[in-house]
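Sequence positions in the sequence shown follow the numbering used here and run 142 to 660. For reference, the structure is listed below as C-alpha cells.
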Amino acid sequence: MSLLLGLQFFSRPRRLRWLRVITGFAWCCGGTRSLRAGSGPSPREPPAAAAEARLAVGPVSVSDMGALERQLGYRPYPLAVGARCVHGHPQAFVWDPLARFHGGRARRAPLDSGLFRLSCPLLVQAVDRWEAEGAVRQLQAEVDEGRVSECSRADLEEANRRHALARRALVGSRLEEALQRSREADAAAPPPPPPRRKRTGAGAKSGARPPRALSREELSELVLNSGVAGQSPSKPEVKCLHAQLADHLCRDHSNPLGEAILSGVAARGVAVHGDSQCHQQCDCGVAREAATWWYTPVKNKQKLFTRLERRKQRQVARLEAAEEGGGGAAIRVPHVNMGLFDALTSKAPRYGPPVVIGEESLMSQKAHGTSEVPVQKDLRWNCGADLADRICNFNRHYAENAGYWERSTTFLKEEEANTEEITFFDSNSGDPLFYGPRGRTWQSFVKESRSHGWPSFRDAEVNWDYVRVLPDGECVSTAGTHLGHNLPDGTGNRYCINLVSVAGRPADGPVERHIGPKA
C-alpha cells in the first residue's frame, strides 16, 4: 500500500523536487522513488540492512507539507512520509536525525534518537486518551506476562533492532561527515578550561575517580543503536504508544506492538484509517474557522506555555539585574516572537523594531504566482531555477531541503574565500534583500546556518526597504517573493531563508527569465 502511494507521485512531473533522503538509496531533488528495500545502494550500510529494517516511506509533496503543518501546529521539516489515511494525508513521517532543529543549542552528539513521528490528529487523539487511562503500564504488564498474543518481549527487542537499522539506513555516511566537521571545529577552537572537580562523599574517601564522560563518537554510536523512542535495545519496553505506532506506520506495518496498539485503538471505536470528519484538519482547502473537527494535543500546549513562560522570566530577571547594577543604563531586551503560543491563545504576534510588518496583500495572486515575473534564469551559486520558481512564486509553506544551500549549491565553495560582505538579491526582482555576514564573522554565519539547515540572518543583515515579515512570521519581499520565516531564538530575531529565494542578480539591467512549470 505504501509503495503504491509513493509511486503515485512518479507520474506527476509538475510536483516540487522531493526532499532528498540519504539512506543509501539517495533521493535527490527531483527523485520520485518510494523508499523501500533494494531501491539503491547505501553509502554506509549494505542494502540488506535497509531491507531488514523494512522501511516503507515515500517522498514529501507540497500538499503533505501543508497537511503536516496543520496536523502539528507548526511547520516541520520531514525527510519522508509513512502510511497515509483514506483521504491521502500522512499519518506518520520521518524526522532527519541529523537535521532536527535545536534553536542553536550545542549538542553532545550530532544526531537525535527521534526518528518517526505520529502526525494523524485522529490517531494522536485516540492514543492521548488511551495513554491518559494508563495504557503504557497496562500494555507493559500484559507484554511481560505474555498476555498480548501479537507481541512478546522478544518481539519488542526485534522491533528495536530493526528501528536502529532504519536509523542507520537513513543516516548513511552523513554521520561520519558531521563528526568530522565537529572534530575540525574542536581543533580550531581554543582549549576549554580544565573542569573543576568537587570530591565529596564516598568517592572522596575511597579515592574513586568520577566516571569518564562519553566521547562524541561513543555517544553517537549509542544513539545510532537505540531503539524506538531512544530506548536501550537491551531493555525492551512499551515506553510510548505514539512512538511505537509511528514506527509501525513507517516500517511497513512490521512492529507487532504497533499492530496491537492499532487494533486496540480500533476496538475503542476509532476509524484508524480516517473517518468522514478528520480530513478537515489536514485539508488546506478547508479554512480553520470552517472546520468542524480539529484536535490540538493539550500536553503540547502545556509544554509550550511552560517553556515560553520560563523564557520570559529569564529575560525579566536579566533586565532587572542589569538595571540594578548598571546605573540605569538602557538595556535592549531581544524581542521573542511567541509564534504558536500566540496562535493558541488568540494573541497577535508581537514584533518590535526594526521588523517591518507587511500586509497579506503582498502575496496576492499576480501575473506569475505571487510575483509579476518568473525567477531569473541564471541564478547564482548554481541554484536550480525550477525549484526557485516554485518556492518563490507558488508556495507559502514549502522550503528547500535542510542543508540544500550547503550540499547542493556552490555557495560555500565560491564565498568562503570572500573577505567582503555578500549581498543577497531577490531571485525575482533583483532587489538587495540581505547583507552578510554583518557584525559577525563568516565562520559564525556558516555555523549558525548549518545548525538550522538554512542561511540564517539577523536584524542588522536585513534590508528593510525590500523585506517584510507577515504577522504569522513568513518573510517575503516587496515583490511578492516567498523568502522563508522569522524563527526567533533567545538572542533575537532569526530569519531562516531559502537560498534559492535570494540567489538573484542585481536588477541593474535586463535579465533573462526562467520559463518552466508553474506548479
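The beta carbon of each residue, even a glycine, is placed where N, CA and C say it ideally should be. The structure presented is a predicted model; accordingly, all values stated were derived computationally and were not measured.
| query | result |
| --- | --- |
| Chain-order list of residues whose beta-carbon lies under 6 angstroms from that of A240 (same chain, five-residue window excluded) | A543 and G594 |
| 3-residue-minimum beta strand (DSSP E) runs that sit fully inside the region 529–585, ordered along the chain | 563–566 and 573–577 |
| Option in D285, R537, N569 and S549 with minimal Cα separation from G525 | S549 |
| Under the three-state DSSP convention, the category A648 falls into | coil |
| Helix, strand or coil at C637 according to DSSP, with G and I counted as helix | strand |
| L239: first and last residue of the uninterrupted beta strand (DSSP E) it sits in | Taken as a continuous stretch (DSSP letters only), L239 belongs to no beta strand (DSSP E), as it is neither H nor E. |
| Extent of the continuous alpha helix (DSSP H) to which H389 belongs | L382 to C391 |
| Residue closest to A431, alpha-carbon to alpha-carbon, out of T437, P438 and Q422 | Q422 |
| Enclosing alpha helix (DSSP H) for E298 [first to last residue] | R294 to V312 |
| At least 3 beta-carbon pairs within less than 8 angstroms: the region 613–625 vs the region 510–519 | yes |
| Distance cut-off 7 angstroms: C226 Cβ against heavy atoms of the ligand NAP | With respect to the ligand NAP, the structure offers nothing, as it holds no ligand at all. |
| Between the CA atoms of L520 and E562 - distance to the nearest angstrom | 19 angstroms |
| Q385 versus D393, I402, H538 and S375, residue with shortest Cα-Cα distance | I402 |
| Inter-stretch contact (C-beta, 8 angstroms, three-pair minimum) for the region 362–382 and the region 298–310 | yes |
| Continuous alpha helix (DSSP H) assignments of at least 4 residues falling wholly in the region 412–436 | 420–423 |
| Proximal residues to G571 (C-beta, below 8 angstroms), its chain only, five neighbours per side dropped | Q517, G645, R646, P647, A648, D649 and V652 |
| Residue environment, A295, which counts as buried when at least 16 other CB atoms sit within 10 Å | exposed |
| For S618, the first and last residue of its enclosing beta strand (DSSP E) | E615 to S618 |
| Nearest-angstrom Cα separation, counted from L355 out to G415 | 45 angstroms |
| Short CB-CB distance (under 8 angstroms) between L220 and chain C | In the structure shown, chain C does not exist; there is a single protein chain. |
| Cross-strand partners of K507 (DSSP beta bridge) | G510 |
| For N396, the three-state DSSP class (helix, strand or coil) | coil |
| Contact check, G405 vs W583, beta carbons under 8 angstroms | no |
| Residue range of the alpha helix (DSSP H) that includes G207 | V203 to L213 |
| Alpha carbon of N634 to alpha carbon of G229, nearest angstrom | 36 angstroms |
| Neighbourhood of E602 by C-beta distance below 6 angstroms, restricted to the same chain and skipping five residues each side | F575, Y576, G577 and R579 |
| C-beta contact flag for R225 and P231 at 8 angstroms | yes |
| P262 (DSSP reduced to helix, strand or coil) | helix |
| Proximity below 8 angstroms, CB of V268 to CB of L280 | no |
| Beta-carbon contacts of R246 that lie in its chain and below 6 angstroms, excluding the five residues immediately before and after | Any reading at R246 must be qualified, since the residue scores a pLDDT of 49, below 50, and its modelled position is unreliable; no value is offered. |
| V284: first and last residue of the uninterrupted alpha helix (DSSP H) it sits in | A276 to D285 |
| The region 255–264 contacting the region 383–399, beta-carbon criterion three pairs below 8 angstroms | yes |
| Cβ-Cβ distance between P251 and L320 below 8 angstroms | yes |
| Check whether H88 and R308 have beta carbons under 8 angstroms apart | The chain is shown from 142 up to 660; residue 88 falls before or after that span and cannot be answered. |
| Other residues of its chain near E358: CB distance less than 8 angstroms, five sequence neighbours each side excluded | L320 |
| Contact check, C425 vs S204, beta carbons under 8 angstroms | yes |
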